[in-house]
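Sequence positions in the sequence shown follow my numbering and run 20 to 625.
We treat Cβ as the ideally placed atom computed from N, Cα and C, and that holds for glycine.
Note that the structure is predicted; figures quoted are calculated from it, not measured.
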Amino acid sequence: MPTAILTGQPVPGSSIESELRSLGFDVHLASGAADTETLLARAPGDERVAVVDARFVGHPHALRLGLTDPRFPLAAIPGAVTAQPAARQTLTRAMARENSAAGGGTALAVDSLADRITAALDADGAEVHRPELGRLVAAVPADPQARNEARQAVAAVDDEAVRLKSAVKARDGFVTTFLISPYSRYIARWCARRGLTPNQVTTASLITALIAAGCAATGTRAGFVAAGVLLIASFVLDCTDGQLARYSLQYSTLGAWLDATFDRAKEYAYYAGLALGAARGGDDVWALALAAMVLQTCRHVVDFSFNEANHDATANTSPTAALSGKLDSVGWTVWVRRMIVLPIGERWAMIAVLTALTTPRITFYALLIGCAFSATYTTAGRVLRSLTRRATRTDRAAKALADLADSGPLAEAAARGLRGTARRLPAITAPAAALLGGAAVAATAALTDFGGPWPLVAALVYVLTSALAVARPLKGALDWLVLPFFRAAEYLTVLLLAAKADVNGALPAAFGLVSAVAYHHYDTVYRIRGDAGAPPQWLVRTVGGHEGRTLVICALAVLLTASQFKLALTVLAVAVALVVLVESIRFWVAAHKVGAPAVHDEGEPA
Numbered sequence: 020m021p022t023a024i025l026t027g028q029p030v031p032g033s034s035i036e037s038e039l040r041s042l043g044f045d046v047h048l049a050s051g052a053a054d055t056e057t058l059l060a061r062a063p064g065d066e067r068v069a070v071v072d073a074r075f076v077g078h079p080h081a082l083r084l085g086l087t088d089p090r091f092p093l094a095a096i097p098g099a100v101t102a103q104p105a106a107r108q109t110l111t112r113a114m115a116r117e118n119s120a121a122g123g124g125t126a127l128a129v130d131s132l133a134d135r136i137t138a139a140l141d142a143d144g145a146e147v148h149r150p151e152l153g154r155l156v157a158a159v160p161a162d163p164q165a166r167n168e169a170r171q172a173v174a175a176v177d178d179e180a181v182r183l184k185s186a187v188k189a190r191d192g193f194v195t196t197f198l199i200s201p202y203s204r205y206i207a208r209w210c211a212r213r214g215l216t217p218n219q220v221t222t223a224s225l226i227t228a229l230i231a232a233g234c235a236a237t238g239t240r241a242g243f244v245a246a247g248v249l250l251i252a253s254f255v256l257d258c259t260d261g262q263l264a265r266y267s268l269q270y271s272t273l274g275a276w277l278d279a280t281f282d283r284a285k286e287y288a289y290y291a292g293l294a295l296g297a298a299r300g301g302d303d304v305w306a307l308a309l310a311a312m313v314l315q316t317c318r319h320v321v322d323f324s325f326n327e328a329n330h331d332a333t334a335n336t337s338p339t340a341a342l343s344g345k346l347d348s349v350g351w352t353v354w355v356r357r358m359i360v361l362p363i364g365e366r367w368a369m370i371a372v373l374t375a376l377t378t379p380r381i382t383f384y385a386l387l388i389g390c391a392f393s394a395t396y397t398t399a400g401r402v403l404r405s406l407t408r409r410a411t412r413t414d415r416a417a418k419a420l421a422d423l424a425d426s427g428p429l430a431e432a433a434a435r436g437l438r439g440t441a442r443r444l445p446a447i448t449a450p451a452a453a454l455l456g457g458a459a460v461a462a463t464a465a466l467t468d469f470g471g472p473w474p475l476v477a478a479l480v481y482v483l484t485s486a487l488a489v490a491r492p493l494k495g496a497l498d499w500l501v502l503p504f505f506r507a508a509e510y511l512t513v514l515l516l517a518a519k520a521d522v523n524g525a526l527p528a529a530f531g532l533v534s535a536v537a538y539h540h541y542d543t544v545y546r547i548r549g550d551a552g553a554p555p556q557w558l559v560r561t562v563g564g565h566e567g568r569t570l571v572i573c574a575l576a577v578l579l580t581a582s583q584f585k586l587a588l589t590v591l592a593v594a595v596a597l598v599v600l601v602e603s604i605r606f607w608v609a610a611h612k613v614g615a616p617a618v619h620d621e622g623e624p625a
């Protein structure tokens, strides 16, 4: 149980002790700095500890935000400071210094020991999180009049209304903001009051989406209608889990991973369900389903790679960014621009409506057109920003891009031999090499007959161009484009070779293989976002890296018959899925158990 130490002289009528107990704290009273230091030393080292001024007046949710958020090792609000186990030593040092400065005496009546500890932490350079309280009150009144005014301010603000409002993500799409969140936040509160966790709601959302995919797979009009309704229900639950996490501050490493991973699993499983349903009606749309998954995944890679390249860039300004800021100052343009990028709310609403009213083929056509337009819009904007901004990218950004590249042993070995050459080439070399090599292997797969030698030749060229692209640190203005070019090359090659095989079952097998590889790439992103580092090298080598898998698939297309190629794709899909899933689950469960910090996406809608 976490420990809260109340310092100073308690005030008659104060509810701070009961409020701390309602938040799950074991409350101890301290008369001064020396007593506080003693109690701090006695508190269990594997639990959170908080120092709170006994005169504190404020909203219960202000205390909750300041003292219970699991994402931050150190946090503070006026009159209270807290530390998780990882930051206990830092807090203890600050406390010892304050005790020494006070001579071991009692805290002054007009001074707050908790605030002095926070100031000492700031002086030490510790990163102390201070939550945005907005209209919520958190204060340590110095006299009865100030206390009365603070209590009146508390009474004037509805704590629960603020809590419900803050449960909604600050930045989201039009559909989510205006059609889902107005009522899903109340579902989140209902779940919180019944003890449900965000992970349970996330799992319920996944199950609902899988049932929707099953309904779509029936191929009947009733099944399609039910699938559309259930997909919307799944999205409501998908919004609810994050709102529940924010409402009750139930963040976790495992929850962040499940939320992100299940979103992709739900959407791509639904694509498969639509393709199965269409097949029952005599329409083969597996190529469209796979193309939609490839396009959507590449859109995400553009987001991930651009953000990582500019995560901590210095002098990070551009005229394009300034224009974007001006447009955001005009209310209606904000929503138009958010809808143009086709975020998850708009995308799922479109898929659900079209599933219920039209056919899977029309649904995929609309999805491909919408995603292609939004991908063009966002990528063009980011290219312009990259070309017009004067930014110095860091070693950390270059390493993140190198890890996201997923280069295997072939590219790494060739890159070592090309480093000298790469240093003498212009900055555009990396994205140009990735684009030309990827376009060559994909175009060869599309334009030559199945079984011919040319895809294998193109794949060998792709290995060399991939090595050249990563032969030097990815710090160029457009080097973040290397990653989406790699993803598009690999995924499209699988799609085109499976289509060229022209044998029943080849495209579903290719869908499974791309799904498994895409999971590996998403998992890499989530690890890097959580500052957990890239997947282990043995895993990347085992699954071959993007260039190794592309080479193997092209070789199989040359050496095997169409039926054998379909079987090989199936075996590869199962093997890659088993390896990456087992390692991913092992990693995230272990990270969850050791209390790694949770990283939840509060920015761009996916």
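For R67, the closest alpha carbon among the candidates V313, F44 and T407 is that of F44. With distances taken between CA atoms, E179 lies nearest to R265 out of T227, R265, G274 and D260. Between the segment 64-84 and the segment 146-157, the count of C-beta pairs closer than 8 Å reaches three or more; the two stretches touch. In this structure, the alpha-carbon of A410 lies about 30 Å from that of G564. Taking A207 as the centre and dropping the five residues before and after it, the same chain places the C-beta of A186, T259, Q262, L263 and Y266 closer than 7 Å to its C-beta, in chain order. Taking the Cβ atoms as the reference, G98 lies roughly 4 Å from D72, within the contact range of under 8 Å. In the three-state scheme derived from DSSP, where H, G and I count as helix and E and B as strand, A94 is classed as strand. Its chain contains S324, F325 and A328 as the residues whose beta carbon lies nearer than 6 Å to that of W499, once the 5 sequence neighbours on both sides are disregarded; these appear in chain order. Three or more Cβ pairs closer than 8 Å define a contact, and the segment 572-579 meets that threshold against the segment 458-478. Our two residues, L373 and L198, have alpha carbons roughly 18 Å apart in a direct line. In its chain, beyond the 5 residues on either side, V76 have a beta carbon closer than 7 Å to the beta carbon of R170. Scanning its chain for C-beta atoms nearer than 7 Å, with the 5 sequence neighbours on each side dropped, one finds around P450 the residues L497, D498, L500, V501 and F504, in chain order. The C-beta distance from S426 to V489 rounds to 5 Å, short enough to fall under 8 Å.
Counted as a single uninterrupted DSSP element, the beta strand (DSSP E) harbouring H47 occupies residues D45 to A49.
Taken in chain order, the complete alpha helix (DSSP H) segments of 4 or more residues contained in the segment 532-566 are 556-561. Relative to the Cα of P217, the nearest Cα in the group Y396, Q269 and V173 belongs to Q269. Boundaries of the alpha helix (DSSP H) harbouring A53: A52 to R61, taken from the DSSP string. In the three-state DSSP reduction, H148 falls in the strand class (E or B). If you keep only unbroken alpha helix (DSSP H) runs of at least 4 residues inside the segment 194-262, you get 200-212 and 217-235. Taking the Cα positions, G144 is about 32 Å away from D322. DSSP places V70 inside the beta strand (DSSP E), whose first and last residues are V68 to D72. Following the DSSP letters along the chain, one finds T411 in no beta strand (DSSP E), marked with neither H nor E.
By the criterion of a C-beta distance shorter than 7 Å, A385 is surrounded in its chain by M369 and L373, once the five residues flanking it on both sides are discounted. Fewer than three pairs of CB atoms, one per stretch, sit closer than 8 Å, so the segment 430-444 makes no contact with the segment 540-551. Between the segment 396-414 and the segment 223-233 there are fewer than three C-beta pairs closer than 8 Å, too few to call the two in contact. In this structure, the beta-carbon distance from T55 to I96 does not fall below 7 Å. With respect to A528, T589 sits close: the two C-beta atoms are nearer than 7 Å. Taking the Cα positions, L256 is about 43 Å away from A142. Spanning the alpha carbons of Q28 and A102 requires a straight line of approximately 23 Å. With a threshold of 16 other beta carbon atoms within 10 Å, D278 meets it and is buried. According to DSSP, L277 shares a beta bridge with no other residue. In terms of CA proximity to G389, R366 leads the group A430, R366 and R404. Straight across, the Cα-Cα distance linking A297 with V147 is about 55 Å. Residue pairing for G77: DSSP places it in a beta bridge opposite A157.
Taking 7 Å as the cut-off, the Cβ atoms of E602 and L532 do not count as close. Within the same chain, T22, I24, H47 and A49 come within 8 Å of L58 by CB-CB distance, once the 5 residues on both sides are set aside.
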